[in-house]
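Peer 1: Next up is a structure, given as structure tokens.
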Amino acid sequence: MGDPADGTYTRDRDAMWLGHAWVDGRKKDADVTALARRLKDTGIRDLYVHSGPLEHDGTLPKSAYPRARWFIDAVHRELPGVRVQAFLGDVLANGGPDGLELGRAGTRAEVVRSARQVLDTGYDGVHLDLEPLHSGDRDYLSLLDDLRAVTRDRDAQLSVAAHQIDPLPHLHSVAGLFADHPKWWSQKFFGQVARRVDQIAVMSYDTARPLESTYGGYVAQQTSLALEVTPPTTHLLMGLPFYYESNPSHWGHAETVAAAVRGARLGLSRTDPDRELFGVAPYIDFAATETNWKEYREGWLRPGAS
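Position one of the sequence shown corresponds to residue 117 (our numbering), numbered consecutively onward.
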């Protein structure tokens, strides 16, 4: 696969997905202090803290995040310059009996209202994760347009968790014939999404790759495909698997942080090595191991970081 180019290390623009415990009352001041110690001297500048899920009608009970204001204030105090975004998600119905119906204008309006609600609480942005989302969904693009108007008015961030991109043209269409869960987006649709948001984070894990080498190569390809259609004004992030599972969709021995970081650096090297708005995004804090953190630091932070 070759070697990454010199200089393809952190731009100090990374993000991290956090679990719900940070906003529901389970975490305390000492936990924030420990988190701040962990994140010190990394490139992590955005925290996507799970604050939902959204109800299927798009509403968001305030009871879902009773300690959000405490956490936001604590992060701003302990980690100046780090933003806290409300990670909001739900399962999409996609024609089934259960889930959020993006095709309903009233539901989309409620999602926008929920975004205003979390911004009123003090969050620095909204991070949207709606799955499984079919490539080409025009209702999703319409929702992003409406959300962007709100976040821009509040000087807040709009970010999304994105499906992987077709490794082969039209593979998303073929895969849709055999599976209800859409695995990939077309590169064109990915670009349409990227142009509507401030940050787009690729869920570049759960790839079913059986070997560390093939997983790293896949992440390199995904990084290149994403860079090709993400405007330089949109912040692109590649997800890192900060968890271990062993099943057909995620072989933990193959999907390592080291392989993902190397793949991201290779894709960056080949496609746009000088891209400034680029980073990686560990998923997720509560499952992370010391090995995950070590590989992130050694592979992505500048040489000499520990």
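Backbone N, C-alpha and C fix where the C-beta goes; we use that ideal spot for every residue, glycine too.
Can you tell me whether DSSP reads ILE400 as helix, strand or coil?
Peer 2: coil
Peer 1: On the criterion of 16 or more Cβ atoms from any shown chain inside 10 Å, does GLY383 qualify as buried, or is it exposed?
Peer 2: buried
Peer 1: Under the rule that 16 or more other beta-carbon atoms within 10 Å means buried, what is ASP122, buried or exposed?
Peer 2: Under this definition ASP122 is an exposed residue.
Peer 1: According to the Cβ coordinates, are TYR96 and ALA277 closer than 9 Å?
Peer 2: It is not possible to answer for residue 96, since the shown part of the chain is limited to 117 through 422.
Peer 1: Just checking my contact of TYR331 with GLU361 at CB under 8 Å: how many whole Å lie between their CB atoms?
Peer 2: Actually they do not touch by this definition, with Cβ atoms about 13 Å apart.
Peer 1: Among the residues of its own chain, which have a CB less than 7 Å from the CB of PHE294, if the five just before and after it don't count?
Peer 2: With a pLDDT of 46 at PHE294, under the threshold of 50, the modelled position of that residue is not reliable, and the figure given next carries that caveat. Nothing listed; no residue qualifies.
Peer 1: Output the distance between the C-alpha atoms of GLU392 and VAL139, rounded to the nearest integer angstrom.
Peer 2: 31 Å
Peer 1: Going by C-alpha to C-alpha distance, which of LEU170, ARG183 and PRO326 sits closest to VAL148?
Peer 2: ARG183
Peer 1: Spatial neighbours of ASP401 within its chain, please: CB distance less than 8 Å, with the 5 preceding and 5 following residues excluded, ordered by chain position.
Peer 2: Cβ within range, chain order: MET132, TRP133, LEU134, GLY135, LEU151 and PHE358.
Peer 1: Got a sec, what are the start and stop residues for the alpha helix (DSSP H) VAL165 sits in?
Peer 2: In this chain, VAL165 is not harboured by any alpha helix (DSSP H); it is covered by the beta strand (DSSP E) spanning 160 to 166.
Peer 1: I'd like the list of long-range same chain contacts for THR267, defined as Cβ closer than 8 Å, with 5 residues on each side in sequence excluded.
Peer 2: ALA231, LEU235, GLY241, VAL242, GLN273, LEU274 and ASP314
Peer 1: On the DSSP letters alone, give me the boundaries of the alpha helix (DSSP H) that ALA324 sits inside.
Peer 2: From DSSP, ALA324 is part of no alpha helix (DSSP H); its letter is neither H nor E.
Peer 1: Using DSSP with H/G/I as helix, E/B as strand and the rest coil, what is ALA121?
Peer 2: coil
Peer 1: Report buried or exposed for ASP119, applying the criterion of at least 16 other Cβ atoms within 10 angstroms of its Cβ.
Peer 2: Taking a 10 Å sphere around the C-beta of ASP119, we find fewer than 16 other C-beta atoms and assign the residue as exposed.
Peer 1: Beta carbon of TYR321, beta carbon of ALA380: below 9 Å?
Peer 2: no
Peer 1: Mapping the DSSP letters down to three states, classify ARG199 as helix, strand or coil.
Peer 2: strand
Peer 1: If you draw a straight line from the C-alpha of GLY368 to the C-alpha of ASP269, how long is it?
Peer 2: Between GLY368 and ASP269, the C-alpha separation is close to 42 Å.
Peer 1: Could you tell me which of HIS166, TRP416 and ASP390 sits nearest to LEU244, measuring between CA atoms?
Peer 2: HIS166
Peer 1: Could you tell me the boundaries of the alpha helix (DSSP H) in which SER385 lies?
Peer 2: 373 to 387
Peer 1: With GLU194 as the anchor, note down where its alpha helix (DSSP H) starts and where it stops.
Peer 2: Where GLU194 is concerned, the enclosing alpha helix (DSSP H) stretches over 184 to 194.
Peer 1: Between which two residues does the alpha helix (DSSP H) harbouring TRP416 extend?
Peer 2: 406 to 416
Peer 1: Nearest-angstrom Cα distance between SER385 and GLY174?
Peer 2: 40 Å
Peer 1: Locate the beta strand (DSSP E) running through LEU274, then write down its first and last residues.
Peer 2: Taken as a continuous stretch (DSSP letters only), the beta strand (DSSP E) holding LEU274 covers 273 to 278.
Peer 1: Using C-beta distances below 7 Å, list every residue in its chain close to TRP416, excluding the 5 sequence neighbours before and after it, in chain order.
Peer 2: TYR125, THR126, VAL377 and VAL396
Peer 1: Counting only beta-carbon atoms, is PRO285 nearer than 9 Å to chain B?
Peer 2: In the structure shown, chain B cannot be found, because there is only a single protein chain.
Peer 1: Mind checking ALA342: buried by the 16 CB within 10 Å criterion, or exposed?
Peer 2: ALA342 counts as buried, since at least 16 other C-beta atoms from the protein chains shown sit within 10 angstroms of its C-beta.
Peer 1: According to DSSP, is ALA370 part of a helix, a strand, or is it coil?
Peer 2: coil
Peer 1: Just reading off the beta strand (DSSP E) that LEU284 is part of, what are its end residues?
Peer 2: Careful: LEU284 lies outside any beta strand (DSSP E) and carries neither H nor E.
Peer 1: Report the partner residues of PHE305 according to the DSSP bridge assignment.
Peer 2: For PHE305, which the question treats as bridged, DSSP gives no partner whatsoever.
Peer 1: Measuring CB to CB, does LEU353 end up less than 9 Å from ASP157?
Peer 2: Contact: no.
Peer 1: Let's see if you can read the secondary structure: which residues bound the beta strand (DSSP E) around GLY241?
Peer 2: 241 to 247
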